[in-house]
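**Q** For the sequence shown, the numbering used here assigns the number 52 to the initial residue and increments by one for each residue that follows.
Built from N, CA and C at the ideal position, the CB exists for glycine as well.
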Amino acid sequence: MTLLFIILATAGGGVLSVAVAASLTLKVLSRLVKHLVSLSAGVLLGTALLHMLPEAFESGPAPQALFAALLAGLLFFWLLEKAELYRHDHHHEGDGHEHHHHFDAQQAGRGGLGVLVGDTVHNFCDGGIVAAAFLTHTRLGVVTALAILAHKIPQEAGDYIVLLNAGFTRGRALLFNMLSGLSAVAGGVAGYFLVGPWQTLLPYLLVVASSSFIYVAVADLLPQLQQRLAWRQTLAQIGWLAAGLGVVMTAMLGLRGAVP
52 MTLLFIILAT
62 AGGGVLSVAV
72 AASLTLKVLS
82 RLVKHLVSLS
92 AGVLLGTALL
102 HMLPEAFESG
112 PAPQALFAAL
122 LAGLLFFWLL
132 EKAELYRHDH
142 HHEGDGHEHH
152 HHFDAQQAGR
162 GGLGVLVGDT
172 VHNFCDGGIV
182 AAAFLTHTRL
192 GVVTALAILA
202 HKIPQEAGDY
212 IVLLNAGFTR
222 GRALLFNMLS
232 GLSAVAGGVA
242 GYFLVGPWQT
252 LLPYLLVVAS
262 SSFIYVAVAD
272 LLPQLQQRLA
282 WRQTLAQIGW
292 LAAGLGVVMT
302 AMLGLRGAVP
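1) Check Glu106 in the structure and name its three-state DSSP category.
2) State buried or exposed for His151, treating a residue as buried only when at least 16 other CB atoms are found within 10 Å of its CB.
3) With distances taken between CB atoms, is the gap from Gly64 to Ile265 smaller than 8 Å?
4) Out of curiosity, what's the CA-to-CA distance linking Gln158 and Asp271?
5) Roughly how many whole angstroms lie between the Cα atoms of Val194 and Leu96?
6) Look at Leu54 and Pro205 and say whether their C-beta atoms are less than 8 Å apart.
7) Checking 8 Å against the spacing of the C-beta atoms, do Glu106 and Leu257 come in under that value?
8) Could you please give the first and the last residue of the uninterrupted alpha helix (DSSP H) stretch that includes Gln206?
9) Residue range of the alpha helix (DSSP H) that Ala235 falls in?
10) Drop a sphere of 10 angstroms on the beta-carbon of Phe312, count the other beta-carbons inside from all chains shown, and report buried for 16 or more, exposed for fewer.
11) Classify Ala73: buried if its beta carbon has 16 or more other beta carbons within 10 angstroms, exposed otherwise.
12) Count the other C-beta atoms from every protein chain shown that fall within 10 angstroms of the C-beta of Leu292, then say buried if there are 16 or more, exposed otherwise.
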């Protein structure tokens, strides 16, 4: 059953995020991504700091070892991003950051290969994160899958816009994004079979998974929100971020009695 949950969570999240991105117009996407960035920052930080890390620290390993894993995880994802293999960029023309003309084509690179390769690696890592969470606790797996979905929607929307502006047809952009999303299923299945027999490693994997969420939120999402805005827009950012935290806490409380 755990493997089935992992497959359903990774496949469903990938399909849903791409479908949402593809179903909206570019104008609506550009407006929506701004709010979803704030929402996903709250969801990722809430999941990592309120659920995944406490679960890992309550499992028994020495705090020094877990903090070392957290540091290693942060550095690992930083290096992956330096190698352009861990893309989570939401920037695109028309997102309010005053990017120059042809910015999307430059971001996509030749044929959009950079976007697609980075997305594939990122999605594979997300699948492994979901697997580690489900192997620890079904409830934690569900919340983690929801957190990844909340982040994947603005990520896929941003990449979809970049690919369209780089010359992809809507059909090709949708197809390649969908195929890239399936790598999350491969990551989930690999995580289940590789990690399952080594239960003692799960607390460390949860910490590394948390480092992924924290890195994306702190290195990418929150800096995007650091702009000089009117007070109403600032309040909207705070409101969406708070909503993300609220979603995580509500989901965890709601699942506590429903999921064993």
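**A** By the coordinates alone:
1) Counting from one through the sequence shown, the residue named residue 106 turns up at place 55. In this structure, Glu106 counts as helix in the three-state DSSP scheme.
2) By 1-based counting over the sequence shown, the position of residue 151 is 100. At His151, the pLDDT of 45 sits below 50, so the modelled position is not reliable and the matter cannot be decided from this model.
3) Residue mapping note: residue 64 aligns to position 13 of the sequence shown, counting from 1. Residue mapping note: residue 265 aligns to position 214 of the sequence shown, counting from 1. No; because the gap between Cβ atoms is not below 8 Å, this pair is not in contact.
4) Against the sequence shown, residue 158 aligns to sequence position 107. Against the sequence shown, residue 271 aligns to sequence position 220. Residue confidence is low: Gln158 scores 49 on pLDDT, short of 50, so the model does not pin down where it sits. Its coordinate-derived value is still stated next. Going by the C-alpha atoms only, they are around 15 Å apart.
5) Locating residue 194 in the sequence shown gives position 143, counting from the first residue. Locating residue 96 in the sequence shown gives position 45, counting from the first residue. Roughly 12 Å between the two C-alpha positions.
6) Start at 1 with the first residue of the sequence shown, and residue 54 comes out as number 3. Start at 1 with the first residue of the sequence shown, and residue 205 comes out as number 154. No, the Cβ-Cβ distance between Leu54 and Pro205 is not below 8 Å.
7) The count along the sequence shown starts at 1 and reaches residue 106 at position 55. The count along the sequence shown starts at 1 and reaches residue 257 at position 206. Yes, Cβ-Cβ distance for Glu106 and Leu257 is below 8 Å.
8) Looking up residue 206 in the sequence shown gives position 155. From DSSP, the alpha helix (DSSP H) with Gln206 extends over 189–216.
9) Position 184 of the sequence shown, counted from the first residue, corresponds to residue 235. Looking at the DSSP string, the run of the alpha helix (DSSP H) that includes Ala235 is 234–246.
10) Limits of the chain in this structure are 52 at one end and 311 at the other, which puts residue 312 out of reach.
11) In the sequence shown, the residue the question calls residue 73 occupies position 22. Buried is the call here.
12) Your numbering for residue 292 matches position 241 in the sequence shown. The residue in question, Leu292, is buried, as its Cβ has 16 or more Cβ neighbours within 10 Å.
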